[in-house]
Amino acid sequence: MVTASSSTNNAGAFTTIKERVTFEREIKKSRFIAIAGPISDERSAHSFLSEFRDPRATHNCWAYKVGDQYRSNDDGEPSSTAGKPIHSAIVSSGIDRVMVVVIRYFGGIKLGSGGLVRAYGGVAAECLKNAPTCLVKSKVRDYLLGIFVAYSTNFICILRKMFCMLWRIFYFFAFYCAIH
Numbered sequence: 001m002v003t004a005s006s007s008t009n010n011a012g013a014f015t016t017i018k019e020r021v022t023f024e025r026e027i028k029k030s031r032f033i034a035i036a037g038p039i040s041d042e043r044s045a046h047s048f049l050s051e052f053r054d055p056r057a058t059h060n061c062w063a064y065k066v067g068d069q070y071r072s073n074d075d076g077e078p079s080s081t082a083g084k085p086i087h088s089a090i091v092s093s094g095i096d097r098v099m100v101v102v103i104r105y106f107g108g109i110k111l112g113s114g115g116l117v118r119a120y121g122g123v124a125a126e127c128l129k130n131a132p133t134c135l136v137k138s139k140v141r142d143y144l145l146g147i148f149v150a151y152s153t154n155f156i157c158i159l160r161k162m163f164c165m166l167w168r169i170f171y172f173f174a175f176y177c178a179i180h
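Right under this line is the structure:
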């Protein structure tokens, strides 16, 4: 048994940046360069990273966010002192479908864990603050689907792999969910 109904709305709107932006700051003789750019998925994030990664730099730390999916990397800095602060800056900015790479050239003075968190997070936040943003609206169809309960677990996994957003899930003799 499969039942379906649909409707259209603009709930799929999100804010992203229009173009690539850079921001540079020197902190205790270390040079930090943040580069932010719009991305659409994990593949475009990897392309963005390979384009801006500098093999001469001490560290190339990064984070990206696409909808509910995100990743970050400390690239050799102490755990959670670079990638997480960059990701936090992205979340705080309210910007989606964006990647920020922060390149560090070590200047000889160690910053400590707190100093690294402030440096990476601060440079990323300033970069995003300076970025021109735009609201992207997409017409999205909502579907209400019903299937046998026995298939519901596999069905949810498949929908999540397809980046569908499940708005409401309920059981009433069958499994029903609203998909956006």
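Take full-length UniProt numbering: the final residue in the sequence shown is number 180, and no numbers are missing along the way. Quick reminder that beta carbons are idealized off the backbone N, C-alpha and C, glycines included. Keep in mind that this is a model prediction, so the values were computed, not measured.
Item: Three-state secondary structure assigned by DSSP to A131; Value: coil
Item: Residues that I27 bridges to, as DSSP identifies them; Value: S30
Item: T16 beta carbon less than 9 angstroms from that of V136; Value: yes
Item: S88 - containing alpha helix (DSSP H), residue span; Value: G83 to S93
Item: CB of R31 within 9 angstroms of CB of Y120, strictly; Value: no
Item: Same chain, Cβ closer than 7 angstroms to K39, five either side skipped, listed in chain order; Value: For clarity, residue 39 is Ile in the given sequence; the question names Lys instead. For I39, where only same-chain residues beyond five positions count, the Cβ hits under 7 angstroms are A45, F48, Y64, V66, R97, V98 and M99.
Item: Where K18 falls: helix, strand or coil (DSSP); Value: coil
Item: Assumed close pair C61, A36 - CB separation to whole angstroms, cut-off 8 angstroms; Value: Not confirmed; about 13 angstroms, so no contact.
Item: First and last residue of the uninterrupted alpha helix (DSSP H) at S47; Value: E42 to F52
Item: Residue range of the beta strand (DSSP E) that includes K137; Value: That residue, K137, is in no beta strand (DSSP E); it is neither H nor E in DSSP.
Item: Own chain partners of C134 with C-beta closer than 6 angstroms, once the 5 adjacent residues on each side are dropped; Value: K18
Item: Own chain partners of R20 with C-beta closer than 6 angstroms, once the 5 adjacent residues on each side are dropped; Value: G37
Item: CB of E26 within 9 angstroms of CB of G108, strictly; Value: no
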